[in-house]
Each structure stands twice: as C-alpha cells, then as structure tokens.
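**Q**
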Amino acid sequence: MQAFEEFEAKRIPHAVLKSYMDDAVKVALKDQEAAGIDIVSDGEQRRFSFLVVIAEKLHGFELMNVIELARGRREVLSMIDRMMLPKTVPQPIVTRKIRRDRPIAVDELAFAKQHTQKAIKVALPSPYMLAWQAWDYQHTKKAYPSPEELADDLVRVLRREIIALRDAGASFIQLDDPTIQNPLNPEKYMKFLSALLGRRPKSMKEELNWAVELINDTVKGIGNVTVGLHVCRGNWPAPEEILPKGAYGPILPWLLEVKVNQLVLEFATPRAGPVDVFKDYPTEKQLGLGVIDVKNKEVETPKIVVSRVKRALRYFDEHQIYLNPDCGFASGRTWPVADREIAFRKLRAMTEAARVVRAEFA
Ligand SMILES: [Zn+2]
109 MQAFEEFEAK RIPHAVLKSY MDDAVKVALK DQEAAGIDIV SDGEQRRFSF
159 LVVIAEKLHG FELMNVIELA RGRREVLSMI DRMMLPKTVP QPIVTRKIRR
209 DRPIAVDELA FAKQHTQKAI KVALPSPYML AWQAWDYQHT KKAYPSPEEL
259 ADDLVRVLRR EIIALRDAGA SFIQLDDPTI QNPLNPEKYM KFLSALLGRR
309 PKSMKEELNW AVELINDTVK GIGNVTVGLH VCRGNWPAPE EILPKGAYGP
359 ILPWLLEVKV NQLVLEFATP RAGPVDVFKD YPTEKQLGLG VIDVKNKEVE
409 TPKIVVSRVK RALRYFDEHQ IYLNPDCGFA SGRTWPVADR EIAFRKLRAM
459 TEAARVVRAE FA
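Counting from 109, one number per residue, gives the positions in the sequence shown under the numbering used here.
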C-alpha cells in the first residue's frame, strides 16, 4: 500500500512498484500454501479492487470517485454517508467504446503460475455488475446510449478473457457479482446506484432475468475449466447493521439458472441467512460454501467450521462442497476487512476443518 502511495506521488517508477506487487503476490501465495489451501489465488494484490481491475486494464473506462460522481447532490451524498462507503471508492465509468487491447488478468495468472504448483483461481467482475456500475447518464451515453448496449460489449470482452485464462492454465474462473442481490432490496444499494449514476432499475424479475442472460451469454459453452459465480452482499468496513443483508432464497431460482459449475456463496455471516434455502432447490451444481466470516475478527474454531459444513451436507453430497471464506479479506486496497495475521489463522481453521470432514468420508 505504501508503494502504491509512493508511485501515485511520482516518487518511485512503475518498475519499482511492480517489484513490490510481485513480492506481495508471492507472500499471498506462500501464506495460502502454508495454510493448506488447495486452490489458491494471487490475492488480487495488483488490483485496486475486485471491480475496478476492469478499468485498470481495458480501454474505454475512466475511474471516477463516488464523491465526484455525486455532483454535489445532497441526497446522494447523504446516502454515501449513511452506507458508510469508503470515500476513496472509485467507480469504473465507461466514457468511450470499450476495447480489450490487452488481457485483463492473464498476466496475473502467468506470474502466479511461476510461483506455485497449486491450482489457481482467477476472479473477474461479472457483466451484470459492470452493466450497473459502469454506465453513467452523463459520461457513458455518447458511447453507449443504454446500459443494455454497454452490456453486449462487456459480455464480449469478458468471454474472450475467460477463454484466454482457461487457455493460459487457470483451474477456476470466478465471476464476482454482489450487485445481483440488489433487486431484492430496491430501497438500498440499488437506489443509491440509480441515484448516483442517473438510471432507473427494471422490476425485480426483469433485473434478475437480465443478470442471468448476461452471465450465461458470457460463459456458455466454455468447457475444460471450472467456472463459478460469487454472490455476496458486499463487504466494506461498516458495522454489520449498515451492510446489505438477506437470505439467498428469493434469488436462488435465478442463481440455479446460471450456467456455471459452482455457486460461491457466503453463509458464515448471519447477514446471509441459512444454507437451508437449498432444501427447496436441490441442485447438481457445486457449492462454494462460505464458512469464514471475513469481517468478524474472532477466528473461527475448526469445530465451528465443521458444523457449518455438516449443515450444508444435508442438501449436498460431500463431493459437491468446496470450503471458502465468505468473500475476500479485502474487496478493495484501501478498505481491508481483516489483517494478514487474522486472515491466515482463519484459512488455517478452514483447512483443518476440511481435514476433519474428509477423514469422515475417507
Ligand atoms: Zn464477495
């Protein structure tokens, strides 16, 4: 983080920043290996956030601060305050036709592959989330008159990236989409995005149908790699009662229509509701089972994690279940929700629980 500050203040050249980023990725990989993780990621150490990586790599985006985008509107500024959103949050806003002149994450994957023998997961922002977050009435209209027209191009570039990542040896490609739960709470985050970016949501059903269509157009027919969809409620360092919440039940029929191998869902945070929503929706899909509450500083015991797995085993076969933390330990560079030491101990508790459960099924 200090290296990024130094670089932004023009005190170090990019080559020096890059050497720090390389070191940070190696540390993230080795920490995951030491914790016993089977499928590792590069920790997304090079990205400002899970969302804006797209603007860092693709032509056609500009990063704009949420305060700047509020354009002095008191109503929007007070929403930002009420949600306790970090003031440093940038939005990846489309200002010109988007183009994938270079890959988004293939370079990240190539570096990680040089430093670990483990299977690697790479996450990308979902097309539905970007169609919401990146279209602004003032800045995007000229390039794309409607969010739907932007979405078509997003699907095209993301699909090409997924295929490139598969061909470069990624084991698991995950689309991140906290936005897909917004239609359930139209008065909360969706109201904020609509006000901030000057657009109107469709009905809940139309929104969810559109989300499924975009994700399916992005991933359809891509074989020989595991593709997942991660849906959480968003994790920034605000008190639990401020952050979005709600069980998966109402959106589950749509999530099950998404043509991915794995749904990567949070179930450790009480905000997510119970895994029992699957009682009414048996599925052949894999479940990326969130067993670690990333925002709670108290480290779970392996016993608690095992009990969370046992609950999911009522509705899933053991081979369908993959243990995960609920979300990243930092969805953005400047707002980590857990420090490195706590994250490491939580991952250890998770792999110890996996060992216990595997022994029971061996
Ligand atoms: Zn998440």
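For every residue, glycine included, the Cβ atom is placed at its ideal position computed from N, Cα and C.
Note that the structure is a prediction, hence the values are computed from the model and not measured.
#1: What residues in its chain sit with their C-beta under 6 Å from that of Val-124, if we drop five residues either side in the sequence?
#2: Out of Val-133, Glu-164, Gln-110, which one is the CA nearest neighbour of Asp-150?
#3: From the DSSP secondary-structure annotation, give me the bridge partner or partners of Phe-280.
#4: As a quick exercise: from Val-417, Pro-410, Glu-257, pick the residue whose alpha carbon is nearest that of Leu-395.
#5: Considering only residues of the same chain and omitting the five flanking positions on each side of Leu-137, which have a CB-CB separation below 7 Å?
#6: With hydrogens ignored, establish whether the beta-carbon of Ser-302 is closer than 7 Å to any heavy atom of ligand 1.
#7: Just verifying my parser: in three-state terms, what is the DSSP assignment at Lys-454?
#8: Can you give me the Cβ contacts of Pro-194 inside the same chain, cut-off strictly under 8 Å, excluding the 5 residues immediately before and after it?
#9: Given 8 Å as the limit, is there contact between the region 200-212 and the region 243-254, that is, 3 or more CB pairs closer than that?
#10: What does a CB cutoff of less than 8 Å around Val-407 pick up in its chain, not counting 5 residues either side in sequence?
#11: Should Ser-234 be listed as close to ligand 1, given that the test is whether its C-beta is under 7 Å from any heavy atom?
#12: Please report how far the alpha carbon of Pro-378 lies from the alpha carbon of His-122, in whole angstroms.
#13: Whole angstroms are fine: how far does the CA of Arg-308 sit from the CA of Val-135?
#14: Taking 8 Å as the CB-CB cut-off, is Ala-278 touching chain C?
#15: Return yes when the Cβ of Leu-292 is within less than 8 Å of the Cβ of Pro-358, no when it is not.
#16: Between Lys-393 and Leu-371, is the Cβ-Cβ spacing less than 8 Å?
#17: Within the present structure, is the beta-carbon of Pro-378 separated from the nearest heavy atom of ligand 1 by less than 7 Å?
#18: Indicate whether Leu-322 and Tyr-236 have their beta-carbon atoms separated by less than 8 Å.
#19: What are the boundary residues of the beta strand (DSSP E) that Lys-205 is part of?
#20: Taking one C-beta from the region 280-287 and one from the region 231-246 each time, how about it: are there three or more such pairs within less than 8 Å?
#21: Just the Cα atoms here: how many angstroms apart are Glu-152 and Gly-436?
#22: Could you tell me the boundaries of the alpha helix (DSSP H) in which Glu-471 lies?
#23: By DSSP's criteria, Gly-398 is part of a beta bridge. Which residues make up the other side?
#24: Beta carbon of Gln-241, beta carbon of Gly-306: below 8 Å?
#25: Our contact map puts Gly-398 next to Leu-373 with C-beta atoms below 8 Å; I'd like the distance itself, whole angstroms only.
#26: What are the boundary residues of the alpha helix (DSSP H) that includes Phe-300?
#27: For Gly-357, which three-state DSSP category applies?
#28: Which residue from Leu-166, Val-414, Met-172, Asn-332 puts its Cα closest to that of Asp-275?
#29: Taking the C-alpha atoms as reference points, what is the distance between Ala-163 and Val-464?
#30: For Met-192, count neighbouring Cβ atoms within 10 angstroms of its own Cβ and tell me buried if that reaches 16, exposed if not.
#31: Alpha carbons only, please: which of Ala-178, Lys-126, Asp-146, Glu-183 is nearest the one belonging to Arg-155?
#32: May I ask whether a heavy atom of ligand 1 can be found less than 7 Å away from the beta carbon of Gly-440?
#33: Skipping 5 residues on each side, what residues in its chain have a beta carbon closer than 8 Å to that of Asp-130?
#34: What does the Cβ neighbour count give for Tyr-389, buried or exposed, with the cut at 16 atoms within 10 Å?
#35: Between the C-alpha atoms of Lys-387 and Ala-117, what's the straight-line distance to the nearest angstrom?
#36: Quick check: Val-265 and Leu-166, are their CB atoms within less than 8 Å of each other?
**A** Answer, in terms of the structure:
#1: none
#2: Val-133
#3: Lys-229, Thr-334
#4: Val-417
#5: Val-148, Asp-150, Ala-220, His-223, Thr-224
#6: no
#7: helix
#8: Trp-344, Pro-345, Gly-440, Thr-442, Trp-443
#9: yes
#10: Ile-450, Arg-453, Lys-454, Ala-457
#11: no
#12: 42 Å
#13: 43 Å
#14: Chain labels in this structure do not include chain C; a single protein chain is all it has.
#15: yes
#16: yes
#17: no
#18: yes
#19: 198-207
#20: yes
#21: 9 Å
#22: In the structure as shown, the chain starts at 109 and stops at 470, and residue 471 therefore has no counterpart that could be examined.
#23: Glu-374, Asn-432
#24: no
#25: 6 Å
#26: 297-305
#27: helix
#28: Asn-332
#29: 42 Å
#30: exposed
#31: Lys-126
#32: no
#33: Phe-219
#34: exposed
#35: 54 Å
#36: yes
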